[in-house]
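Structure first, commentary second.
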Amino acid sequence: SHTAELKVSAGESTVSTAVAGNSISTPGALAGRTFTPTLGFGTAAPTVALNAGSIAGGNAGGNLSHTNIQPFLGINHLIALFGTFPSRN
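Residue numbers (this note's numbering): 1 to 89.
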């Protein structure tokens, strides 16, 4: 059997207001109830040049159209609304 529980805590919660230009979520470390935000990227200038072969650019796709639809699966089904139905046992 299942017992649904919702634990209630009288502890504090942290609330912040979104700032324009910031990311939606802030990476960081959580130790107990103390959250320390960290940068999700490095601020130092890059010291290595990128390999020109690994940089994609130009005409990707050749300016051709493509289909853009959600995945789907066609299923044949029949629902009986009237008549004599088989027993369930």
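Every residue, glycine too, gets a C-beta built ideally from N, C-alpha and C.
Bear in mind the structure is a predicted one, so any value in this text is a computation, not a measurement.
DSSP three-state assignment for residue i, whether helix, strand or coil
{"i": "residue 80", "result": "coil"}
{"i": "residue 45", "result": "coil"}
{"i": "residue 53", "result": "helix"}
{"i": "residue 38", "result": "coil"}
{"i": "residue 64", "result": "coil"}
{"i": "residue 32", "result": "coil"}
Cβ distance (whole Å) where residue i is taken to contact residue j below 8 Å
{"i": "residue 42", "j": "residue 35", "result": "Actually they are not in contact, since the Cβ atoms of residue 42 and residue 35 sit about 21 Å apart, beyond 8 Å."}
{"i": "residue 37", "j": "residue 47", "result": "Their Cβ separation, rounded to whole angstroms, is 26 Å, which puts residue 37 and residue 47 out of contact at 8 Å."}
Any chain C beta carbon closer than 7 Å to residue i
{"i": "residue 31", "result": "Annotation note: the requested chain C is absent from the structure, which comprises a single protein chain."}
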